[in-house]
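Participant: Chains as they are written, first to last, in my numbering: chain A, 1 to 441; chain B, 442 to 600; chain C, 601 to 758.
Beta carbons: idealized from backbone N, C-alpha and C, even for Gly.
Provided herewith is a single structure, encoded as structure tokens, for subsequent inquiry.
Given below as structure tokens:
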């Protein structure tokens, strides 16, 4: 099967295929180059090697069940995708989220935004030869993931941010984990800045390479750090503030030329701003009293005691449900509408609780938003992650579409590498932060 | 306020093509006729409306209705910080619409994806072919009549 | 007679020992599991202490194919080509449920498990698997390599 590049190519040029499986570790992406010596005359990009049928799958799953699929879009900053989907549904349903849940959402978003930038820059630096930068950044990322893991239960794809709030409260001792994570990340960023900022080899490979003008960037629909590196100040957190971003102080770093070095430097400065946001948010979130485990009783015991009236003791739940007990619910999940899983204590011990649990999970019941369509976007690691949901009143979405930021960023790659050398493809592509799950959905 | 003035101006200038205007959950939605789509889009992109960014272009398949496909475009104006949703319906028998690749550069890939997933044709597109699926794939996966689990393997599978 | 058996058994053990502690792997990384793979290979949960730290970026130089993440139907011919380019002896680890059985993607686009395309030695489930699970899977592969009948002539496995 001949590609367009092969058909249009001159007979005396060489065609090089940088195939779907290549060491640049960004997953599956194919770029075909028409070369004259080392110089690229023409390029063609072939995507879709990770197309996993996300949008079609979402039409066949209930609104609650499709949350894990949403995680796996931009899999380096999964909580931000969770957030985008949850906020789109909240806009459609018209529910309001409690204050503490909003603060926790901001904290988690910023932590995963930092890990997104760390992965992007680490991989980009490694492909340019700076291997130890990758190791430093992965080490810092482990500390960030520790915070996420102790609260949500999973390092990466967490499904933690739910429609109506978050799944569970922050873990005990979260302040010290956040402080450790921030400190270690700052240390890693300081080391990396010392290694790369004024490094002549890195500058030669990234300065002036892959430049894009403001008009081109806007015409291609770029958003996020790549657009800001071209000098356009557009950040969804400032333009259309959501959650508590309008009350937090942070800056939006801008670049000048829109080349690879600017994208690297914008991401480095954004990480510092995200660390500032983490510190501010963790100062805002009030402490909660630790639970006393000794006076809790098992659900069967509660059933036995509760024949005539509800027993006063708390009910002991499985350790998996730590942080999502019934008395924590008002802080972390909305009470506006039946869009959240009912508390397990009610489910295990009362008839009404059991019925409401079934009504949430049964086919045809559960979250049934009104008919209509909605679009909402959040600032993801790559740019504006938008969700467009068409609802027909049933418990499954009629159509769910994701506005993937790196799709638009990558549509400009062919133009950026034309006229450059083969070796320039690697830093250009690396600085664009292509995530296969988001690109191909 | 400024938001209402903008919409009033748009409706006044392009009244021929606009079928209806609605506000849904805080979003502004214009429904237009497909013949007037290109003219409306070029007008919106230029000053004074200045919708410089094509955020998204997608399609919805309403199998039951006569106008089966509905193209949905999201525009964004950086200078005025305003979003706009534009919808246009296409008949199921002949789902073609003008291509916007002359106005915005990312329309190229967005329209290729819609063609791949829904089979909607775009007049004036420089290179309309599949983007996410492979060339040998038959059918358009996101259409409602394509079975969700029907696989078309490229190489013979074991078992 | 028995002397030859004794020597060949010793040789097999030695060959198995050498092969299992010097695995050069080719990471066929596609999706989210790739991020956990990066974590496993880096300083915190080191792969290098198992002898499998050197990443070969060409299948011709590798003897372990780590298929990480979802393989779609568009990517299946590429995976088969990469597998056939590797030289014997070679092993395959399916990393993550998408590679093991298609994972949560049971639809028109994803291959329901890479053992429909190539033979697999160790399956590591998880979405994504924790790095400790990956290291456990690697150790099981090492036991398998030690146990299996080594051959120092070319042998094609279907």
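Below 8 Å on the Cβ atoms is my contact criterion, and I expect residue 710/C with residue 681/C to pass it. Report the Cβ-Cβ distance as a whole number of Å.
Facilitator: With 8 Å as the limit, residue 710/C and residue 681/C do not qualify as a contact, their Cβ atoms being about 19 Å apart.
Participant: Is the Cβ of residue 82/A closer than 8 Å to any Cβ of chain B?
Facilitator: So no, residue 82/A is outside the interface.
Participant: Can you say whether residue 458/A is buried or exposed, counting buried as having 16 or more other CB atoms within 10 angstroms of its CB?
Facilitator: Only positions 1 to 441 of chain A appear in the structure, and residue 458/A is not among them; the question remains open.
Participant: Distance, Cα to Cα, residue 302/A vs residue 315/A?
Facilitator: The alpha-carbon atoms of residue 302/A and residue 315/A are separated by roughly 7 Å.
Participant: Pull out every residue of the region 465-477 of chain B whose Cβ sits closer than 9 Å to any Cβ of chain A, in chain order.
Facilitator: For the region 465-477 of chain B, which is checked against every Cβ of chain A, the residues closer than 9 Å are 465, 466, 467, 468, 470.
Participant: Closer than 8 Å is the cut-off here; do at least three beta carbon pairs connect the region 302-311 of chain A with the region 77-90 of chain A?
Facilitator: The answer is no - the region 77-90 of chain A does not touch the region 302-311 of chain A, with fewer than three Cβ pairs under 8 Å.
Participant: Suppose you measure from the CA of residue 457/B to the CA of residue 477/B; what does that come to, to the nearest Å?
Facilitator: The alpha-carbon atoms of residue 457/B and residue 477/B are separated by roughly 8 Å.
Participant: Which whole-angstrom value is the C-beta distance of residue 495/B and residue 547/B, which I expect to be below 8 Å?
Facilitator: 6 Å between Cβ atoms; contact.
Participant: Which class does residue 301/A belong to by DSSP, given the choice of helix, strand or coil?
Facilitator: Correct three-state label for residue 301/A: helix.
Participant: Please list the segments of the alpha helix (DSSP H) lying wholly inside the region 692-736 of chain C, counting only runs of 4 or more residues, in order along the chain.
Facilitator: Runs found: 697-701.
Participant: By the 10 Å Cβ neighbour count, where 16 or more other Cβ atoms means buried, how is residue 508/A classified, buried or exposed?
Facilitator: Absent from the model: residue 508/A. The displayed extent of chain A is 1 to 441, so no value can be given.
Participant: When the Cα of residue 32/A is compared with those of 435/A, 23/A, 14/A, which residue comes out closest?
Facilitator: Measuring from the Cα of residue 32/A, the nearest candidate turns out to be 14/A.
Participant: Determine which residues of the region 665-691 of chain C have a Cβ less than 7 Å from any Cβ of chain A, and write them out in chain order.
Facilitator: Within the region 665-691 of chain C, the qualifying residues are 670, 672, 674, 675, 678, 682.
Participant: How many Å lie between residue 236/A and residue 224/A at the Cα?
Facilitator: Rounded to whole angstroms, residue 236/A to residue 224/A spans 8 Å at the Cα level.
Participant: Can you check the region 118-172 of chain A for any alpha helix (DSSP H) of at least 4 residues that lies completely inside it and give the ranges in chain order?
Facilitator: Those alpha helix (DSSP H) runs which fall completely within the region 118-172 of chain A and span 4+ residues are 131-152.
Participant: In the DSSP assignment, find the alpha helix (DSSP H) that holds residue 514/B and state where it starts and stops.
Facilitator: Run containing residue 514/B: none in the alpha helix (DSSP H); it sits in the beta strand (DSSP E), 510-518.
Participant: Measuring only the C-alpha atoms, how far is residue 517/B from residue 323/A?
Facilitator: For residue 517/B and residue 323/A, the distance between alpha carbons rounds to 40 Å.
Participant: For residue 513/B and residue 570/B, I'd like the C-alpha separation in whole angstroms.
Facilitator: In a straight line, the C-alpha of residue 513/B is about 20 Å away from that of residue 570/B.
Participant: For residue 468/B versus residue 348/A, is the C-beta spacing smaller than 8 Å?
Facilitator: Not in contact: residue 468/B and residue 348/A (Cβ atoms no closer than 8 Å).
Participant: Among 632/C, 738/C, 688/C, which residue has its Cα nearest to the Cα of residue 70/A?
Facilitator: Measuring from the Cα of residue 70/A, the nearest candidate turns out to be 632/C.
Participant: If we cut at 8 Å on Cβ distances, does residue 714/C have a partner in chain A?
Facilitator: No, residue 714/C lies away from the interface with chain A (no Cβ there is under 8 Å from its Cβ).
Participant: Since residue 494/B meets chain A, which of its residues come closer than 7 Å, beta carbon to beta carbon?
Facilitator: Here the neighbours are 218, 221.
Participant: Any idea which residues DSSP pairs residue 42/A with across the strands?
Facilitator: Bridge partners of residue 42/A: 34/A.
Participant: Measure the beta-carbon distance from residue 141/A to residue 118/A and round it to whole angstroms, keeping in mind my assumption that it falls under 8 Å.
Facilitator: Indeed, because the Cβ distance is near 5 Å, the residues count as touching under 8 Å.
Participant: Whose Cβ in chain A lies nearer than 8 Å to the Cβ of residue 515/B?
Facilitator: Near residue 515/B (Cβ distances below 8 Å), the residues of chain A are 375, 386, 388, 403.
Participant: Please tell me whether residue 598/B has its Cβ less than 8 Å away from any Cβ of chain C.
Facilitator: By this cut-off, residue 598/B is an interface position.
Participant: Flag residue 745/C as yes if its beta-carbon sits less than 8 Å from any beta-carbon of chain A, otherwise no.
Facilitator: So, not an interface residue.
Participant: Just to confirm my understanding: we take residue 276/A, look at its own chain, exclude 5 residues before and 5 after, and list those with CB closer than 7 Å. What are they?
Facilitator: Only 250 meet the Cβ criterion.
Participant: Alpha carbon to alpha carbon, what distance is there between residue 155/A and residue 679/C?
Facilitator: Each residue's Cα considered, the two are about 28 Å apart.
Participant: Select from 55/A, 353/A, 29/A, 105/A the residue whose C-alpha is nearest the C-alpha of residue 581/B.
Facilitator: Of 55/A, 353/A, 29/A, 105/A, the residue nearest in Cα terms is 55/A.
Participant: Determine, using beta carbons only, whether residue 437/A and residue 74/A come nearer to each other than 8 Å.
Facilitator: Yes, the pair counts as a contact, with Cβ atoms nearer than the cut-off.
Participant: Pull the bridge partners of residue 18/A from the DSSP assignment, please.
Facilitator: DSSP lists 31/A as partners of residue 18/A.
Participant: Under a CB-based cut-off of 8 Å, is residue 693/C close to chain B?
Facilitator: No, residue 693/C lies away from the interface with chain B (no Cβ there is under 8 Å from its Cβ).
Participant: For the region 636-665 of chain C, which residues have a CB atom closer than 7 Å to at least one CB atom of chain A, in sequence order?
Facilitator: Of all residues in the region 636-665 of chain C, 636, 638, 639, 642, 643, 644, 657 have a Cβ within less than 7 Å of some Cβ in chain A.
Participant: Quick check on the burial criterion: 16 or more other C-beta atoms within 10 angstroms. Buried or exposed for residue 27/A?
Facilitator: The residue is buried, with at least 16 neighbouring Cβ atoms inside 10 Å.
Participant: Buried or exposed: residue 537/B, going by 16 or more other Cβ atoms within 10 Å of its Cβ?
Facilitator: The residue is exposed, with fewer than 16 neighbouring Cβ atoms inside 10 Å.
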